[in-house]
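Peer 1: Got a structure here, written out as structure tokens. Questions coming.
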């Protein structure tokens, strides 16, 4: 059982940034991982690009296209992680889609993940009903298979929480990823339902882009996840994005700890 | 493992946000599918609004010309809105209404499903939004206007290849955005459970009628049933009531595009491999890393990189055969049926006609073939003219 992801929440409220691997290129991805770790990231989500990311809004869809148009493959990403592991021990989780893992071979994917030093995996198109096929193999290779709950989950939260590993990813709003000015979901109640079932950290993602939003979400849970706001910075600055992303991560981390 | 499996295929691979919506849909469907009032309303709409039952027409000239098996055409093209799509849409909209939904959303490729959804939404007084690839909006401009005329809002989808698969992705995204009052009228036997089952049940009226009609006309079952396959809704509708009649060959005709040895193809079973996409496990055209392939066919309705899970199972079991038909063969068949029988088929349906033209001459005169003419070809006339080098625009 991989506890590195869970342990990352023990130091206080966690900040979890997301980037798409290979956007703008894999060399920059490596630099981003190291810089975000130094800037205070507690766990880092690494997106493996997919041609048709159905849970993503336009910002991350475009990052996927930018990465894929350079011909970046799952094998290139494993190699990149292996290299970056010599510079950082920050917990790393992959975020991708079922077909990327399935077509690679579930066992081969999990084994390579473990061998290069990954800690977890998030598949937004694999709900609780379908997770066994992936989660059992992930468990064999010490990869935490991270489950999501949504504002529509209601009574499903209990069962999902019971079988959850690593942390529970609380989707803050309806819709796809992307920044939002308002998050109106009662996050606290969702988190309470999880905690009543299992003592596991809960981090909130979808729609968060400012330090005050991140603090508001982390106050009701154990941490905040930010993707689109960071990917926007990568899109804007390209290969020069590292210091800008690091600065943003520091502000967000400071924000939730304030 | 989840519900809704067809052998190893099917399932519910969708974001958690949508899970309660599909579970609610399944519950509602199980409640209404055997409800006498629901079925009476469905039957009435089928008959009085869509114009069912559709005719089973003996194609005398085609039979004589090909010189082999007797050819019958199941005339789904004669339905209201000109295709089989209306069967499923009437069923799903009626179900959505019972569930208290006031808004429907749908993807469309060629525009036939979009038009059918906009039509039934107008009939039932529901709000309607259609997602259509920007490339397809261009290819089928008349259908875009038709949907607007019927009161629907049409959103051109520019992501990815801007065709049917992207329209499906975008409609799924929109559904996660607004679920409470909205039903997603999925247009084919694909997506997460329970859609492949619901759509198949509503389309199964095709083979139910076919069977009754052929028994009445010939006193026996056909030797083969042919239908075109994209996602596979007209084909499963045409096959369903014959699946247990092992002597009836079931033949699905996929779009080979410029050929299955080229990248410009949409023939999923002939070129794809097992994968998970758009809510289901099935076969998909994809690269070695699981990236979904940008498929191609002259027919916008067959231009999809996957196939419904029940077809994938029939393929695995060897119960149905799946052949690939090129653009050239389909266009030839489009023209052939127009000239021999005075019936202009949809370019999608022309794929099935093309395969019939290959196998009918090899069969004996006492054998019977039924081709499902899933839609009418008026929408394709301008595109076929351009294919033949004539500068006609709608």
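Protein chains in written order, with the numbering used here: chain W, 2 to 259; chain R, 1452 to 1845.
Glycine included, every Cβ here is placed at the ideal spot set by N, Cα and C.
Keep in mind that this is a model prediction, so the values were computed, not measured.
(1) Would you call the stretch 27-40 of chain W in contact with the stretch 103-122 of chain W, where contact means no fewer than 3 C-beta pairs closer than 8 Å?
(2) Kindly list, in the order they appear in chain W, the residues whose Cβ is closer than 7 Å to that of residue 1541 of chain R.
(3) If you follow the beta strand (DSSP E) that residue 1822 of chain R is part of, which residue opens it and which one closes it?
(4) Got a sec, what are the start and stop residues for the beta strand (DSSP E) residue 123 of chain W sits in?
(5) Taking residue 33 of chain W as part of the alpha helix (DSSP H), name the residues at either end of that continuous run.
(6) My output table needs one value for residue 1776 of chain R: the three-state DSSP class, helix, strand or coil.
(7) Could you name the residues of the stretch 166-192 of chain W whose beta carbon sits closer than 7 Å to any beta carbon of chain R, in the order they occur along the chain?
(8) Could you tell me which of W/64, W/156 and W/113 sits nearest to residue 192 of chain W, measuring between CA atoms?
(9) To the nearest whole angstrom, what separates the beta carbons of residue 15 of chain W and residue 204 of chain W, a pair I think is in contact under 8 Å?
(10) For a contact defined as C-beta to C-beta under 7 Å, what are the partners of residue 1465 of chain R on chain W?
(11) Consult DSSP for residue 1469 of chain R and reduce its assignment to one of helix, strand or coil.
(12) Taking any Cβ of chain W, which residues in the stretch 1726-1745 of chain R have a Cβ under 9 Å from it, in chain order?
(13) Between residue 1736 of chain R and residue 1713 of chain R, how many whole angstroms is the CB-CB distance? I'm expecting something under 8 Å.
(14) Can you say whether residue 1596 of chain R is buried or exposed, counting buried as having 16 or more other CB atoms within 10 angstroms of its CB?
(15) Closer than 8 Å by beta-carbon distance: list the chain W residues that pair up with residue 1581 of chain R, in chain order.
(16) Just to make sure I have the definition right: I need the residues of chain R whose C-beta is within less than 7 Å of the C-beta of residue 222 of chain W. Which are they?
(17) If you compare alpha carbons, which of R/1715, R/1831, R/1837 and R/1838 is closest to residue 1591 of chain R?
(18) Cβ closer than 7 Å: which chain R residues qualify as neighbours of residue 70 of chain W?
(19) Can you name, in chain order, every residue of its own chain whose Cβ lies under 7 Å from the Cβ of residue 1526 of chain R, other than the five neighbours on each side?
(20) Give the secondary structure of residue 22 of chain W by DSSP, where H, G and I count as helix, E and B as strand, and everything else as coil.
(21) Would residue 1551 of chain R be called buried (16 or more neighbouring beta carbons within 10 Å of its own) or exposed?
(22) Closer than 8 Å, CB to CB, is residue 151 of chain W near chain R or not?
(23) Compute the Euclidean distance between the alpha carbons of residue 218 of chain W and residue 1691 of chain R, then round it to the nearest angstrom.
(24) Does DSSP put residue 1577 of chain R in a helix, in a strand, or in coil?
(25) What residue ranges within the stretch 37-72 of chain W form continuous alpha helix (DSSP H) runs of no fewer than 4 residues, ordered along the chain?
(26) Check whether chain W comes within 8 Å of residue 1630 of chain R, counting only Cβ atoms and requiring the distance to be less than that.
(27) According to the neighbour-count rule (16 or more other Cβ atoms, all chains shown, within 10 Å of its Cβ), is residue 129 of chain W buried or exposed?
(28) Rounded to whole angstroms, what's the CA-CA distance from residue 1547 of chain R to residue 1669 of chain R? Just pull it up for me.
(29) Checking contacts by CB at 8 Å: is residue 245 of chain W closer than that to chain R?
(30) Quick check: what's the CA-CA separation for residue 188 of chain W versus residue 206 of chain W?
(31) Can you round the beta-carbon distance between residue 1673 of chain R and residue 1820 of chain R to whole angstroms, since I take them to be within the 8 Å contact cut?
(32) Answer yes or no: does any C-beta atom of chain W fall closer than 8 Å to that of residue 1462 of chain R?
(33) If you draw a straight line from the C-alpha of residue 1777 of chain R to the C-alpha of residue 1707 of chain R, how long is it?
(34) Distance check for residue 199 of chain W and residue 1585 of chain R, CA to CA, integer angstroms please.
(35) Give the single residue among R/1757, R/1838 and R/1650 whose Cα lies nearest to the Cα of residue 1542 of chain R.
(36) Under a three-way DSSP split, which group does residue 1757 of chain R fall into?
Peer 2: According to the structure shown:
(1) Flag = no, the stretch 27-40 of chain W and the stretch 103-122 of chain W do not touch.
(2) Translated into positions along the second chain, residue 1541 of chain R becomes position 90. The premise fails here: residue 1541 of chain R is roughly 27 Å from chain W at the closest Cβ pair, so nothing lies under 7 Å.
(3) Residue numbering aside, residue 1822 of chain R sits at position 371 when the second chain is read from its first letter. Per DSSP, residue 1822 of chain R belongs to the beta strand (DSSP E) from 1819-1824.
(4) If you number the first chain from 1, residue 123 of chain W lands on position 122. Note, residue 123 of chain W: beta strand (DSSP E), 121-123.
(5) The count along the first chain starts at 1 and reaches residue 33 of chain W at position 32. DSSP places residue 33 of chain W inside the alpha helix (DSSP H), whose first and last residues are 27-39.
(6) As a working note, residue 1776 of chain R is residue 325 in the second chain. Three-state result, residue 1776 of chain R: strand.
(7) Within the stretch 166-192 of chain W, contact with chain R at the beta-carbon level (separation under 7 Å) is assigned to 172, 175, 176 and 177.
(8) As a first step, residue 192 of chain W must be located in the first chain, where it is residue number 191. Considering only alpha carbons, the answer is W/156.
(9) What you label residue 15 of chain W is simply residue 14 of the first chain in a count that begins at 1. What you label residue 204 of chain W is simply residue 203 of the first chain in a count that begins at 1. That pair is a contact at about 6 Å.
(10) Residue numbering aside, residue 1465 of chain R sits at position 14 when the second chain is read from its first letter. Neighbours of residue 1465 of chain R across chain W, judged by C-beta separation under 7 Å: 126 and 128.
(11) Within the second chain, the letter at position 18 stands for residue 1469 of chain R. Helix.
(12) Across the stretch 1726-1745 of chain R, CB contacts with chain W closer than 9 Å involve 1726, 1727, 1728, 1729, 1730, 1732, 1735, 1737, 1738, 1739, 1740, 1741, 1742, 1743, 1744 and 1745, in sequence order along the chain.
(13) Here residue 1736 of chain R refers to the residue found at position 285 when the second chain is read from its first residue. Here residue 1713 of chain R refers to the residue found at position 262 when the second chain is read from its first residue. About 12 Å separates the beta carbons of residue 1736 of chain R and residue 1713 of chain R, which is beyond the 8 Å limit, so they are not a contact pair.
(14) Start at 1 with the first residue of the second chain, and residue 1596 of chain R comes out as number 145. Classification of residue 1596 of chain R: exposed, given that the 10 Å Cβ count is below 16.
(15) Your numbering for residue 1581 of chain R matches position 130 in the second chain. The contact set of residue 1581 of chain R on chain W, defined by CB atoms closer than 8 Å, is empty, because the minimum CB distance reaches about 18 Å.
(16) Indexing the first chain from 1 puts residue 222 of chain W at position 221. The premise fails here: residue 222 of chain W is roughly 16 Å from chain R at the closest Cβ pair, so nothing lies under 7 Å.
(17) As a position in the second chain, residue 1591 of chain R is number 140, starting the count at 1. Ranked by how close their Cα comes to the Cα of residue 1591 of chain R, the residues R/1715, R/1831, R/1837 and R/1838 have R/1831 in first place.
(18) Mapped onto the first chain, residue 70 of chain W falls at position 69. In chain order: nothing, as chain R lies at least about 11 Å away.
(19) Position 75 of the second chain holds residue 1526 of chain R. The beta carbon of residue 1526 of chain R is closer than 7 Å to those of 1505, 1506, 1508 and 1824 in its chain, skipping five residues each way along the sequence.
(20) In the first chain, counting from the first residue as 1, residue 22 of chain W sits at position 21. Secondary structure at residue 22 of chain W: coil, using DSSP grouped into helix, strand and coil.
(21) On the second chain, residue 1551 of chain R is found 100 positions in, with the first residue counted as 1. Looking at its Cβ environment, which holds fewer than 16 other Cβ atoms inside 10 Å, residue 1551 of chain R is exposed.
(22) Position 150 of the first chain, counted from the first residue, corresponds to residue 151 of chain W. Put simply, the CB of residue 151 of chain W is near chain R, with a gap under 8 Å to one of its CB atoms.
(23) Along the first chain, read from residue 1 onward, the residue named residue 218 of chain W stands at position 217. Along the second chain, read from residue 1 onward, the residue named residue 1691 of chain R stands at position 240. Their backbone Cα atoms lie some 51 Å apart in a straight line.
(24) As a working mapping, residue 1577 of chain R is identified with position 126 in the second chain. For residue 1577 of chain R, the three-state secondary structure derived from DSSP is coil.
(25) With a minimum length of 4 residues, the continuous alpha helix (DSSP H) runs that stay inside the stretch 37-72 of chain W are 59-69.
(26) In the second chain, the residue the question calls residue 1630 of chain R occupies position 179. Chain W, which has a Cβ nearer than 8 Å to the Cβ of residue 1630 of chain R, makes this yes.
(27) Working through the first chain from its first residue, we reach residue 129 of chain W at position 128. Burial is judged here by how many other beta carbons sit within 10 angstroms of a residue's own beta carbon; residue 129 of chain W has at least 16 and is buried.
(28) Indexing the second chain from 1 puts residue 1547 of chain R at position 96. Indexing the second chain from 1 puts residue 1669 of chain R at position 218. Cα to Cα, residue 1547 of chain R sits roughly 39 Å from residue 1669 of chain R.
(29) Sequence index remark: in the first chain, residue 245 of chain W carries index 244 (1-based). Chain R contact via Cβ: absent.
(30) Position 187 of the first chain holds residue 188 of chain W. Position 205 of the first chain holds residue 206 of chain W. Near 11 Å, if we compare the C-alpha coordinates of residue 206 of chain W and residue 188 of chain W.
(31) Locating residue 1673 of chain R in the second chain gives position 222, counting from the first residue. Locating residue 1820 of chain R in the second chain gives position 369, counting from the first residue. That pair is a contact at about 6 Å.
(32) Residue 1462 of chain R sits at position 11 when you count from the first residue of the second chain. Interface residue, yes.
(33) For this step, residue 1777 of chain R is matched to residue 326 along the second chain. For this step, residue 1707 of chain R is matched to residue 256 along the second chain. Going from the Cα of residue 1777 of chain R to the Cα of residue 1707 of chain R covers about 5 Å.
(34) Against the second chain, residue 1585 of chain R aligns to sequence position 134. Against the first chain, residue 199 of chain W aligns to sequence position 198. Their Cα atoms are separated by approximately 47 Å.
(35) Taking the second chain and counting its residues from 1, one reaches residue 1542 of chain R at position 91. With distances taken between Cα atoms, residue 1542 of chain R lies closest to R/1650.
(36) Within the second chain, the letter at position 306 stands for residue 1757 of chain R. Three-state result, residue 1757 of chain R: strand.
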